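Visitor: What follows is a structure written as structure tokens; I'll ask about it next.
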Amino acid sequence: MMLPENYQLLKDELSKKIDSKRIVTNPLQLLAYGTDASFYRLIPKLVVQVHTEEEAVEVIRLTGKMNIPVTYRAAGTSLSGQAISDSVLMVATHKWKKYTILEDGLKIRLQPGIVGARANIFLAPFGRKIGPDPASINAAMIGGIAANNASGMCCGTAQNSYQTIADIRIVLYDGTILDTSDDKSKKEFIEKHPEIIKDIESLRDGIEADRVLYDRIKRKFKIKNTTGYSINAFVDFSDPFEIIKHLMIGSEGTLAFISNITYNTVVDEKYKACALLIFETIEKACEAVPLLKESPVSAVELLDRDSIRSVEDDPDAPEYFKTLPETACVLLVEIQANDKETMSTKETAIRKAIETTPTILPYKFTSDPKEYNFNWKARKGLLSSVGGLRKTGTTCLIEDVAFPVSRLAEACVALKDLFKRLEYHDAVLFGHALEGNLHLNFSQDFSSPQEVERYAKLMDELADIVVNRFDGSLKAEHGTGRNMAPFVEKEWGEAAYSIMLRIKDIFDPLKLINPGVIINENPKIHLENLKPLPAAHELVDKCMECGFCEPNCVSEGLTLSPRQRIVIAREIARLKALGESTERLVQMLHDAKYFSDETCATDGLCGLVCPVKIDTGKYIKEVRHMESSDRAKKTAAYIGDHMKDVTSVGRVGLNFVDFFHSILGDTLMGGIAGGMRTISGNRIPKWNKDMPKGSHKIKHSVVNESQENKVVYFPSCINRTMGKSKGYEKDEVELTRKTEELLTRAGFTIIYPENLDKLCCGMAFSSKGLKDEGSKKSKELEAALFEASDGGKYPVLFDMSPCFYTFHDACANEALKIYDPIEFMLDFVMPKLQVKNPKKIVTVFPVCSVKKIGMEQNLYKLAQMCSEEVKLVESNCCGFAGDRGFTYPELNKHGLRHLQEQIPANCKEGYSTSRTCEIGMSEYSNINFKSIFYLIDEVTR
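Heads up: the sequence shown begins at 7 in the working numbering, then just goes up one per residue.
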């Protein structure tokens, strides 16, 4: 793609100090990386992935010098259009993961690329957490959490970023660095930019002199407010550095780049309980809110009747949900404490506080995991309830407003009337009642001028209700962005807005930092650059592009995330429907082959965190199916019909390679194999030192006959082909033999299914989109296991978790009792064996299928039985993805880039439940990984 001359010059200059691979100009990547969670779209001309502060300074300095706009970005989960650009997008995510625990956990310094939930994991040993707790905390990064002053369910206005910031390190428009925790940095800043200090002090003094404005600012920030800049900094502080520090919070990347931030942490209470309080009307529920605000509650969430209706069919929902009156309203009330006595005291106080406002049903505070988790799932799942039911092509919108708590009931009625008049029939109303913060969740069609006009009318009337009737906040916690920029002056008035304009001038005199966000002279900007959402495929059409999936994706940061794959699929569908931009379409289709298809592990972990339960891996498999050639299908059919010969050839081939490995050694073998792969255009699979030799053929059908306990053992075709790797002990046996030894010692008769050499779970085919052959092999295996288990009488053991998962997903015979290797060992083997010599320390890696079936903690429990200390690796899918560790090894390398740093120095052994995954783990950890069966066998002998 040809860049405009000035952007090409910028790229050339940046390439002198930043790896050119991280300066993106490819159209597919620009579209994918430029997408955020909002309903707006701008496509950047350059995406620069900076890894250090020095690189960020260089980007900021050069864009300023060349008069080119730049936008700063982390996770891109913001909702109001503040993280998009049609110029330069500077992304600070990977490599921005450093943190420092300070003062025994009372403070924590964080770089902007750390996911919020990770920060809380770092603080957990200290019984602390960061204050902000947005619903997106598992995906949103610290840079965005701070820049948007995100809050959430429990933090309210008392524990948000504004209230809990201790210090900040920022890069200004000219590359100047200010670190408010460093006296030397502050002194140098005063010397270099005395005009900024002078202007800040002038604004402070001017506001203090205008008591009407001063009092208005004080009053407006008693409730949540992220409309415009945090001008409360001028009334809350007098020191200019304190003012600057707090102005950065909620500035949405329009004033400076946040290089790191130090938070004052808050207590993470040990005990938690919640209750659903059902009131006859929304007015009565709102009457209770001020009373609850004065009681020791941690959170109060409001759900209107439509909200409850959207979750009443959930299997865990109480039956009374369906019988509630149409006028009913629910308050979800949370209490927290560090001891049970305080919990009881708080509950008593809450009950007394609202005794004059009776509920229509008795309520109880519950800590029962099932009930507690459902109550919060009902609240947090409202986004998916509307998002999942919306019509294809429509956008799921969340407007975010706040009102004085004393007028919350009136405001709720007014909003519901607005929905009714403008025919937003799927709209639900919910929010953080303690702070008067309401979310309006509804679907919106932007495909016609009439629908855009309806949305425009909604926004105008919403602004009128919030500002003119209630003097509330048009944005409470989601940021102003482009969405509410035209209404900032309407909410704040001319005097306050002029201060905001001066703030922008002070920190961005060149008007180049995230232009158009917060401050925008275009009164229709909220109706422009609307994101198209054409139908791409029914498996992904409900995607809201929220980005919640990204932390779970192994290929994110290498090629594309699930969100980005769907963005590309939609663009391809749009281009095909238009029948234009042929060159762009051809390029997109070509690039999508690698970026979207070939480097997708199809592990499905994205579906675990997606609000609307989209498994993008299933979609990619469907793409592979649709694109599979007749030749590929015939080849798959041949392999499926000749599985016995294929595994036999595989064993011979592995032994052949192992023979040369033993002669040539690691280095020479690696050089020759790498050279051959390069010459072949990467068609020859990658070799590594942990490539196993071939296994021995299983020649018997029954082992250890005549035992009372019997088990059908299905060794995967992988384990029937692959034997030991170089890292195994010399006297060690391959996994199929080890499994026989272990089950024999546990007193089992081992039964192999008939025609074992011909059987396969089908994963090798279905993962490549070859559904017919995958289904055929699964059905063959189902029949064989049913016969071998005597009609389901005996349990069936799989020795690889991925194979178990694949078959479990495909199996239609409920009579079969099939077991993952972890569950079988826990339930059937460990009770029969005694741990005699436990290990000192081991590392275990839960593969993706283990996570999907909820066996992660059971793997940890199993390892704890066998070792004094267990390190559970924190990772997504390892990226080996069947055979992609051989064919696209960069995916495996990327997936395990943080593995070695997690291995304790005194740990020399790792265990898992997938043979191919263990090859990659061994390569990138420098310890040997093998099946957990080896660990169990060793410690029980």
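The beta-carbon is built from N, C-alpha and C at its ideal position, and this holds for glycine as well.
These figures come from a predicted structure and were not determined experimentally.
What's the gap between the Cα of residue 534 and the Cα of residue 46?
Guide: Roughly 8 angstroms between the two C-alpha positions.
Visitor: Going by CA-CA distance only, name the one from 316, 743 and 565 that's closest to residue 28.
Guide: Per the Cα distances, 565.
Visitor: What are the boundary residues of the alpha helix (DSSP H) that residue 313 is part of?
Guide: Element bounds for residue 313: 311 to 315.
Visitor: At the level of alpha carbons, what is the spacing between residue 481 and residue 545?
Guide: Approximately 33 angstroms between the Cα atoms of the pair.
Visitor: Note down the Cα distance separating residue 477 from residue 227, rounded to an integer number of angstroms.
Guide: Residue 477 and residue 227: Cα-Cα distance of roughly 11 angstroms.
Visitor: Less than 9 angstroms between CB atoms is the rule here; does residue 221 satisfy it with respect to chain C?
Guide: The structure shown has no chain C; it contains just one protein chain.
Visitor: Specify whether the region 272 to 284 and the region 103 to 114 touch according to this definition: at least 3 beta carbon pairs, one from each stretch, less than 8 angstroms apart.
Guide: No, they do not touch.
Visitor: When DSSP labels each residue in this structure, what does residue 780 get in the three-state scheme?
Guide: Here residue 780 sits in helix by DSSP.
Visitor: Classify residue 759: buried if its beta carbon has 16 or more other beta carbons within 10 angstroms, exposed otherwise.
Guide: Per the 10 Å Cβ criterion, buried.
Visitor: Restricting to runs no shorter than 4 residues, where is the alpha helix (DSSP H) found entirely within the region 368 to 430?
Guide: Counting only runs of 4 or more, we get 375 to 386, 388 to 395 and 414 to 427.
Visitor: To the nearest angstrom, report how far apart residue 887 and residue 845 are at their CA atoms.
Guide: Whole-angstrom Cα-Cα distance: 30 angstroms.
Visitor: Are at least three pairs of beta-carbons, each pair with one atom in the region 352 to 368 and one in the region 277 to 297, less than 8 angstroms apart?
Guide: The region 352 to 368 is in contact with the region 277 to 297.
Visitor: Taking its Cβ as the centre, do 16 or more other Cβ atoms sit within 10 Å of residue 3, making it buried, or is it exposed?
Guide: The question about residue 3 has no answer, for the chain in this structure spans 7 to 947.
Visitor: Measuring alpha carbon to alpha carbon, tell me which residue in 307, 349 and 284 is nearest residue 332.
Guide: Ranking 307, 349 and 284 by Cα distance to residue 332 puts 284 first.
Visitor: On the three-state DSSP scale, how would you describe residue 56?
Guide: It is coil, neither helix nor strand.
Visitor: Going by DSSP, which residues form a beta bridge with residue 263?
Guide: DSSP, once it has assigned bridges, lists 177 as partnering residue 263.
Visitor: Alpha carbon to alpha carbon, what distance is there between residue 324 and residue 270?
Guide: Residue 270 and residue 324: Cα-Cα distance of roughly 39 angstroms.
Visitor: Grab me the residues of residue 828's own chain with a C-beta within less than 8 angstroms of its C-beta, minus the 5 sequence neighbours each way, in chain order.
Guide: Contacts found: 807, 856, 861, 864, 865, 868, 919 and 938.
Visitor: Taking the beta carbon of residue 840 as the centre, do at least 16 other beta carbons fall within 10 Å, making it buried, or is it exposed?
Guide: Burial call: exposed.
Visitor: Start and end of the alpha helix (DSSP H) containing residue 168?
Guide: From DSSP, the alpha helix (DSSP H) with residue 168 extends over 167 to 170.
Visitor: Between the C-alpha atoms of residue 640 and residue 529, what's the straight-line distance to the nearest angstrom?
Guide: The alpha-carbon atoms of residue 640 and residue 529 are separated by roughly 60 angstroms.
Visitor: Could you tell me which residues DSSP pairs with residue 872 in its beta bridges?
Guide: Bridge partners of residue 872: none, in fact.
Visitor: Classify residue 6 as helix, strand or coil using the three-state DSSP reduction.
Guide: Summary: the structure shown does not reach residue 6, with the chain confined to residues 7 through 947, and so no result is reported for it.
Visitor: Give the straight-line distance between the Cα atoms of residue 20 and residue 138, rounded to the nearest whole angstrom.
Guide: Their Cα atoms are separated by approximately 35 angstroms.
Visitor: Could you give the residue range of the alpha helix (DSSP H) that holds residue 217?
Guide: Residues 217 to 226.
Visitor: Is it buried or exposed, residue 88, if we count other Cβ atoms within 10 angstroms and call 16 or more buried?
Guide: Answer is buried; the Cβ neighbour count reaches 16.
Visitor: For residue 61, which residues of its own chain have a beta-carbon under 6 angstroms away from its beta-carbon, when the five flanking residues on both sides are left out?
Guide: Excluding positions up to five away in sequence, the list reads 24.
Visitor: Tell me where the alpha helix (DSSP H) around residue 622 begins and ends.
Guide: Residues 622 to 633.
Visitor: DSSP puts residue 79 in a beta bridge; with which residues?
Guide: Answer is 97, bridged to residue 79.
Visitor: Report, in whole angstroms, the separation of the C-beta atoms of residue 726 and residue 750, which I expect to be a contact under 8 angstroms.
Guide: Contact doesn't hold; Cβ gap of about 19 angstroms is too wide.
Visitor: Do you know how far the Cα of residue 176 is from the Cα of residue 196?
Guide: Each residue's Cα considered, the two are about 15 angstroms apart.
Visitor: Determine the direct distance from the alpha carbon of residue 307 to that of residue 38, and round the result to whole angstroms.
Guide: If you take the alpha carbons of residue 38 and residue 307, they lie about 35 angstroms apart.
Visitor: From residue 651 to residue 765, what distance separates their C-alpha atoms?
Guide: Rounded to the nearest angstrom, the two C-alpha atoms are 12 angstroms apart.
Visitor: Pick helix, strand or coil for residue 196, following the three-state DSSP scheme.
Guide: Residue state, collapsed to three classes: helix.
Visitor: What residues in its chain sit with their C-beta under 7 angstroms from that of residue 696, if we drop five residues either side in the sequence?
Guide: Hits under 7 angstroms: 731, 732, 733, 925, 928 and 929.
Visitor: Between 636, 805, 375 and 902, which has its C-alpha nearest residue 778's C-alpha?
Guide: Comparing Cα positions, the closest option is 636.
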